[in-house]
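A.B. asks: Below you will find the structure I want to go over with you.
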Amino acid sequence: MTRLLGFLTATRGGAKLHWTDWASYAYLCTGVFLMFFPVIWLVMSSFKTEADLQRYPPTFLPYQQQTIMVEGYDDPLPLFEMTGGEYEGMILAQLRRVGLQAQMIDPANPGERLRVGIEDRVPVERFTLATENYTELFGRFNFLLYFWNSTFITVMATLIMLLTNSMAAFALSKYQFRGRTVVLLLVIGTLMIPQTVVLVPLFLIVTELGMFNSLWGVIIPGAATPTGVFLLRQYMLTIPDEILDAARMDKASEWKIYWRIILPLSAPAIAVLAILAIMWRWNDFLWPLIVLTRSENFTLQLALNSFQGELQTDWSSLLAMTVLTLLPIAMVFMFLQKYIATGIASTGGK
Amino acid sequence: MTHLKLLGTTALALGLAAPAMAQEIRFMCYSDGNECEVYDDVLTRFEAANPGVDVIVDVVPYQAILENLPVQLAAGTGPDIAKVTDLGGLNEYYLDLAPYVDTGYWDASFGGTLDWYRVGDRQGYYGMHSQLTITGAFVNATLFEQAGVALPGPEATWEDWAAASRAVAEATDTPFPMAIDRSGHRVAGPAVSYGAALNGPDGPTLSDEGFTAFVQQFVDWHNDGTIARDVWAGQGGATYQDAAQEFINGELVFYYSGSWQVSRMNDQVGDFFDWQVVGSPCGPAGACSGMPGGAGIVGFEQTEHPEIVAAVIDFLAQEDVYAEVAARTRNLPAHLGVASAGVAFEDVTPAAQAALSAFAADLPDVAPAAFWYQGYPGNRAMFGITVERVSQAIVGELSVEDAVARMADDLATAMAESQ
Amino acid sequence: MAETTGQGAAAPAPTPTGDTAAAVALTKSAGAVSPRALKARGDGLALRLIAPVMRLVEIPMLGLQRLLGINLLAWVFLLPNLVLFGLFAFLPVVLNVVYAGTGGDNVLLADRPYVGARNFALLTECGSYLDPNTCREDKFWRAVWNTAWFVTLQVGIMVGFSLLTAIVLNRDIRARGFFRSVFFFPVLLSPVVVALIWKWILQREGVLNAFLDWTGIGGYNWLVDAEWAFAWSVFLSVWAHMGFYTLILLAGLQAIPRDVYEAATMDRASPWRVFRKITLPLLAPTMLVVLVLALIKGVQTFDEVYAFTGGGPGTATTFIIQYIYEEGFAGAPRLFGLAAAASLMVAGVLVVLTLVQLWVNRRNVDG
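Residue numbers (the working numbering), protein chains in the order written: chain U, 1 to 350; chain G, 351 to 769; chain P, 770 to 1136.
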């Protein structure tokens, strides 16, 4: 499967790597670091406790202070390592701290109380995953229901969008008819008004149509996105008309041409659009927020953002929820991305 | 076409299916901690006592309450009950509870906070103030001890605190002496202490002598490093930004925020250092005012079951229930009976209990101007204007005079538009 | 979406890294242009799934084709989309225009007083458009200038890097699927999370400053400095959206027939020449999509920067949509009229810019 730059740089039978290959890999590895490191950081952070998240300077791995159960005390005591003073090098458990002084005990010898300055100790910390961030989520709300709502909205909206958009794009790219340019300009024109602005008018329309607090109130307006028509139409322009003419010679109906020829040949663009549509609907927040107010209709994004209060945000839960919400869509993407490459690279013509 | 029609019918069917449950009450709630969980829990007792009534707590992001609820109410699709913060602003939609509740009890229990929900000639009983907050300062007592600087006393002024904080920061090599949350609400108390009238003779104002004096002082303190620039200058627009993270990490000596931060300090400072609440410092105008605030629970006129809505809110307003919720959510009570009896907050350290008590003790110091400001329906506009323009003065886009002049213009425009 | 791998066990499915034998087989069979040959090329699972439905739809569609003729049939193909658009895209825009002519802070149009062009007059009342401080709505003009700078930088940098990345990813490299996923990954993150991650990295005691301290260069308080905050906003928005455009460009590169390259290789054309004379022209329709979308989305940048800097320091990163959002929705009172008027002015500028782009690319637009 030779790729186009393979031609430009002539991989030379693949035996030896050309300098452009080295440059490519170097570029890609830099990219991986830039693109992926923050995401890994996010995943790591989702395992941190709320206190660990707030800490300066931030650590890459989640740490928690170690504690120890000492006989005679009901609660676990935090452990400190002594960095100065007479007990330097020892690991002590702290009973309490008063001002600049701390009362510590040696876990091996719990009877004796030691007084140390707080400057002389550092907490003993160990890598610990705060998995409670995740487990608590499931107790807090009906995760599966929200997951189902999100999935239903995403799948339905994507299917409707792909169908209507590809049909429209087919008409706009392969037919010459009066008004074609007008329609195309109208489609592009609606891109110009940001969704934030039309939120209120759109809300009033959806309410009038009786779709308030219904999943369809999110699905149907979501399917009316101009981006898809524009994207597919531009892609379909590159499909040679000869293929269509040949099919018409074979007495294929226009509908058959659409779904037997145009759709398969547009697979890469449709795959791109599918990925985008799934992503848009899955991550959609502002619109569901205004249309869905009953918790039985909530999507994952709404649940995720409900950790944001007026004055405080529950970051540890929010991050865990973010990672959980990210997983399905990341998997969908990894599944769909290969269709982009196995498209019509091989089609002759032009 | 066919599928569109099909979808239409489905949507209709779903819409019709919902009201089948006869007495379903929708409570739109947002959480700064565990409030919604606690309401949901105590309301199961209400449901047990009232068979057939189902109160469903829908936990939404705060953004939904702030931005979407007004639109939904205008379109007639709002919930039955909600926890709101724009107390006066939503007045036109409130359900008057007076026909359904014992107004004598409500007057005796909630007193002045009832006024925050009243606007113009709508003077009924609308909202139960569920959590009372007051602004005030947290100080890192350990840093003071390390620096050997004595904590200024209760009558200390902002200048005293600024000087003391600077001394502590210098002695202990702490990055920031002071910080104030980026919020128009937070600076209102100090501004009143500097002589701002807020409700002037010609109506609401943000540009009188007192307010200007405060803005000047505030900007100067930013420029000489007394106040952490990161908080106000690191953001734009009317975005809220706190400095709790700096305080928790021991990088801040004096942090002016409010009572709602107590839980967070309790949980996250842990044993790292000693902190305490010192209330609101005094200003040159003599007042030592903080700013009250909080959220309340209201019912809406659109509801189909006004008597149940009123019963639910009245249930939450009963002294025992209110005290329980206050204790479990660790909020200051607005209920006068509960407040005077004192609340034993759950799961708090002695430091946090002391802090909450210190905040409660500061309530009588609230100046009348600050109390009025909290109930003024246009206060959100004024908060926003303050934050935007003062920030511009801090980063140097506007001089203090220009910023104050812009605030006056902005306020005039806002007042004209919301007539 | 149609899967185009081999059918069943007969032909091995090409993996992302490429199976040359299968690819050659695919090339040969698809070289012919009859539907029959396409069928032989193998229909995916998806196509088989939709086949019964599609056949069912074919019956009325065939009738319509006979009745209307091919050119009117185009409208039938357009219809479902036009209905959805009409209701949920055009109508809100029309309402938006009506809102722009009203004042006050009521939500419902019926309650709003008509004020004519006052909102537009307010926005354009200026001593000098170059100095926002002389304007009545100074924030609007600050936002306009910020946005203009931002879009110029962001679109240029982003499209450049997207093209480079798409070309590199289109090469015959190992683990291509992995690399492709990596570059797309940030697009999957919600704006709030993007902003949060980069805040952690860039804050005063963040990861970057820790690293700079370690190297001895010394840290810097990035987000309090207006210019740096702006630069990082550009970076963040490129970071978050680059994958989207890379993906579109990648699909476009795949659409270029390979025999064109074969001919060029035989002519011993230099790689740079091949790129300029073959790749770029053939990529033009896709490039147009990318440029138009990047420009429009660039002007509409909001969420991630808003969550990142809140528009600050001061108004250094306040962009036009944030202004609209704060005037019309988040702020108080909610001035829907002013927000709608501002959005229409922005849309007007965008329409002009897009028309210029389409005109420059008119050959590709007309197909």
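No residue lacks a Cβ here, since even glycine has one placed at the ideal position from N, Cα and C.
Quick caveat, the model's predicted, so the values are computed rather than measured.
(1) Quick one: any contact between the region 127 to 145 of chain U and the region 254 to 268 of chain U, if contact means 3 or more CB pairs under 8 Å?
(2) Name, please, each residue of chain G whose Cβ falls closer than 7 Å to the Cβ of Gly832 of chain P.
(3) Any heavy atom of the ligand FMN closer than 8 Å to the CB of Ile986 of chain P?
(4) Phe335 of chain U to Met279 of chain U, Cα distance in whole Å?
(5) Would you mind stating whether Val43 of chain U and Phe948 of chain P have Cβ atoms separated by less than 9 Å?
(6) Can you tell me whether DSSP reads Ala771 of chain P as helix, strand or coil?
(7) Give the interface partners of Gln1069 of chain P over in chain G, defined as CB-CB distance under 9 Å, in chain order.
(8) Between Gly629 of chain G and Ala708 of chain G, which are expected to be in contact by the criterion C-beta below 8 Å, what is the C-beta distance as a whole number of angstroms?
(9) Going by CA-CA distance only, name the one from P:Leu837, P:Val826, P:Leu816, P:Leu842 that's closest to Lys174 of chain U.
(10) In chain P, what lies closer than 9 Å to Asp745 of chain G by C-beta?
(11) Please name the residues in the region 643 to 657 of chain G whose beta-carbon is closer than 7 Å to at least one beta-carbon of chain U, in chain order.
(12) With distances taken Cα to Cα, identify the nearest neighbour of Glu242 of chain U among U:Ala224, U:Ile262, U:Ala223.
(13) Nearest chain U C-beta to Gly454 of chain G closer than 9 Å, yes or no?
(14) Give every residue of the same chain whose Cβ lies closer than 6 Å to the Cβ of Ile926 of chain P, excluding the five residues on either side of it in the sequence, and list them in chain order.
(15) Between the beta-carbon of Thr238 of chain U and the beta-carbon of Gly1021 of chain P, is there less than 9 Å?
(16) Give every residue of the same chain whose Cβ lies closer than 8 Å to the Cβ of Thr1084 of chain P, excluding the five residues on either side of it in the sequence, and list them in chain order.
(17) Return the bridge partner residues of Asp106 of chain U from the DSSP annotation.
(18) State the beta-bridge partners of Phe488 of chain G as determined by DSSP.
(19) What span of residues does the beta strand (DSSP E) with Leu79 of chain U cover, start to end?
(20) With a threshold of 16 other CB atoms inside 10 Å of the CB of Gly811 of chain P, please say whether the residue is buried or exposed.
(21) Closest to Val409 of chain G by C-alpha separation, out of U:Met211, U:Arg233, U:Thr299, U:Gly99, would be which residue?
(22) If we call anything under 9 Å between Cβ atoms a contact, is Leu1107 of chain P one with Leu891 of chain P?
(23) I'd like the ranges of any alpha helix (DSSP H) spanning at least 4 consecutive residues and lying wholly in the region 1043 to 1100 of chain P.
(24) To the nearest angstrom, how far is the alpha carbon of Val1061 of chain P from that of Tyr450 of chain G?
(25) Reducing DSSP to helix, strand and coil, say where Val754 of chain G ends up.
(26) For Met371 of chain G, I'd like the list of residues in its chain whose CB is within less than 8 Å of its CB, leaving aside the five on either flank, ordered along the chain.
(27) Is Lys256 of chain U closer than 9 Å to Glu996 of chain P when the C-beta atoms are compared?
(28) Is Ser768 of chain G helix, strand or coil when you go by DSSP?
(29) Over what stretch of residues does the beta strand (DSSP E) that includes Phe377 of chain G continue unbroken?
(30) Which chain C residues sit within Cβ distance under 7 Å of Phe889 of chain P?
(31) Where Asn888 of chain P and Thr871 of chain P are concerned, what is the direct C-alpha to C-alpha distance, given to the nearest angstrom?
(32) Residue range of the alpha helix (DSSP H) that Tyr467 of chain G falls in?
(33) With DSSP as the reference, please indicate the residues paired to Lys433 of chain G in a beta bridge.
(34) Of all the residues that make up the region 429 to 443 of chain G, which are near chain P by a beta-carbon distance shorter than 8 Å?
(35) Return helix, strand or coil for Phe127 of chain U, following the three-state DSSP convention.
(36) Between the region 968 to 988 of chain P and chain G, which residues of the former have a C-beta closer than 7 Å to a C-beta of the latter?
C.D. replies: Per the coordinate set shown:
(1) They do not touch, by the three-pair rule.
(2) Translated into the one-based positions of the third sequence, residue 832 of chain P becomes position 63. Chain G residues near Gly832 of chain P: none, gap ~15 Å exceeds 7 Å.
(3) In the structure on display, the ligand FMN does not appear, and there are no ligands present to speak of.
(4) Indexing the first sequence from 1 puts residue 335 of chain U at position 335. Indexing the first sequence from 1 puts residue 279 of chain U at position 279. Taking the straight line from one Cα to the other gives about 13 Å.
(5) Here residue 43 of chain U corresponds to residue number 43 of the first sequence, with the count starting at 1. Here residue 948 of chain P corresponds to residue number 179 of the third sequence, with the count starting at 1. With respect to Phe948 of chain P, Val43 of chain U sits apart: the two C-beta atoms are not nearer than 9 Å.
(6) Position 2 of the third sequence, counted from the first residue, corresponds to residue 771 of chain P. Note that Ala771 of chain P has pLDDT 34, beneath the 50 cutoff, so the model's placement of it is unreliable and the number below is only indicative. Judged by DSSP in its simplified three-state form, Ala771 of chain P adopts coil rather than helix or strand.
(7) Walking along the third sequence from the start, residue 1069 of chain P turns up at place 300. The premise fails here: Gln1069 of chain P is roughly 17 Å from chain G at the closest Cβ pair, so nothing lies under 9 Å.
(8) Mapped onto the second sequence, residue 629 of chain G falls at position 279. Mapped onto the second sequence, residue 708 of chain G falls at position 358. Contact holds; Cβ gap of about 6 Å.
(9) Taking the first residue of the first sequence as position 1, residue 174 of chain U is located at position 174. In terms of Cα proximity to Lys174 of chain U, the closest of P:Leu837, P:Val826, P:Leu816, P:Leu842 is P:Leu842.
(10) Taking the second sequence and counting its residues from 1, the one referred to as residue 745 of chain G is at position 395. The residue asked about is misnamed: residue 745 of chain G is Val in this sequence, not Asp. Result: Val993, Ala995, Gly1081, Pro1082, Gly1083, Thr1084, Ala1085.
(11) Answer in chain order: no residues at all.
(12) The residue labelled residue 242 of chain U in the question sits at position 242 within the first sequence. Answer by Cα proximity: U:Ile262.
(13) In the second sequence, counting from the first residue as 1, residue 454 of chain G sits at position 104. With 9 Å as the cut-off, Gly454 of chain G does not count as an interface residue toward chain U.
(14) Counted from its first residue, the third sequence places residue 926 of chain P at position 157. Closer than 6 Å at Cβ, skipping near neighbours: Val1007.
(15) Along the first sequence, read from residue 1 onward, the residue named residue 238 of chain U stands at position 238. Along the third sequence, read from residue 1 onward, the residue named residue 1021 of chain P stands at position 252. Using a Cβ distance threshold of 9 Å, Thr238 of chain U and Gly1021 of chain P count as a contacting pair.
(16) As a working mapping, residue 1084 of chain P is identified with position 315 in the third sequence. Contacts found: Lys908, Arg911, Ala912, Asn915.
(17) For the purposes of this step, residue 106 of chain U is taken as the residue at position 106 of the first sequence. Asp106 of chain U is bridged to U:Asn109.
(18) Within the second sequence, residue 488 of chain G is the residue found at index 138, counting from 1. G:Tyr605, G:Val627, per the DSSP bridge assignment.
(19) In the first sequence, counting from the first residue as 1, residue 79 of chain U sits at position 79. Judged by DSSP secondary structure, Leu79 of chain U falls within the beta strand (DSSP E) whose first and last residues are 77 to 82.
(20) Position 42 of the third sequence holds residue 811 of chain P. Here Gly811 of chain P scores only 42 on pLDDT, less than 50, and its place in the model should not be relied on; the value that follows carries that caveat. Looking at its Cβ environment, which holds 16 or more other Cβ atoms inside 10 Å, Gly811 of chain P is buried.
(21) Position 59 of the second sequence, counted from the start, is the residue given in the question as residue 409 of chain G. It is U:Thr299 whose Cα lies nearest to the Cα of Val409 of chain G.
(22) As a first step, residue 1107 of chain P must be located in the third sequence, where it is residue number 338. As a first step, residue 891 of chain P must be located in the third sequence, where it is residue number 122. Yes, Cβ-Cβ distance for Leu1107 of chain P and Leu891 of chain P is below 9 Å.
(23) With a minimum length of 4 residues, the continuous alpha helix (DSSP H) runs that stay inside the region 1043 to 1100 of chain P are 1049 to 1068, 1072 to 1078, 1089 to 1094.
(24) Residue 1061 of chain P sits at position 292 when you count from the first residue of the third sequence. Residue 450 of chain G sits at position 100 when you count from the first residue of the second sequence. A straight line joining the alpha-carbon of Val1061 of chain P with that of Tyr450 of chain G spans about 59 Å.
(25) Position 404 of the second sequence holds residue 754 of chain G. DSSP, read as helix, strand or coil, puts Val754 of chain G in helix.
(26) For the purposes of this step, residue 371 of chain G is identified with residue 21 of the second sequence, where counting begins at 1. Confidence at Met371 of chain G is low in this model, with a pLDDT of 46, below 50, so the placement of that residue should be treated as unreliable; the coordinate-derived value is given next. A distance below 8 Å between beta-carbons, with the five flanking residues on each side excluded, links Met371 of chain G to the following residues of its chain, in chain order: Asp404.
(27) The count along the third sequence starts at 1 and reaches residue 996 of chain P at position 227. The count along the first sequence starts at 1 and reaches residue 256 of chain U at position 256. At a Cβ-Cβ threshold of 9 Å, Glu996 of chain P and Lys256 of chain U do not count as neighbours.
(28) Indexing the second sequence from 1 puts residue 768 of chain G at position 418. In this structure, DSSP gives Ser768 of chain G a state outside helix and strand, which the three-state scheme calls coil.
(29) In the second sequence, the residue the question calls residue 377 of chain G occupies position 27. That run of the beta strand (DSSP E) goes 374 to 379.
(30) Reference to chain C is not applicable here, since the protein chains of this structure are U, G and P.
(31) As a first step, residue 888 of chain P must be located in the third sequence, where it is residue number 119. As a first step, residue 871 of chain P must be located in the third sequence, where it is residue number 102. So the alpha carbons of these two residues sit roughly 8 Å apart.
(32) As a working note, residue 467 of chain G is residue 117 in the second sequence. It is not in any alpha helix (DSSP H) - Tyr467 of chain G carries neither H nor E in the DSSP assignment.
(33) Sequence index remark: in the second sequence, residue 433 of chain G carries index 83 (1-based). Answer is G:Ile647.
(34) Answer set for the region 429 to 443 of chain G: Asp436, Gly439.
(35) One-based indexing of the first sequence puts residue 127 of chain U at position 127. DSSP, reduced to helix, strand and coil, places Phe127 of chain U within a strand of the structure shown.
(36) Residues of the region 968 to 988 of chain P that bring their beta carbon within less than 7 Å of a beta carbon in chain G comprise Arg973, in sequence order.
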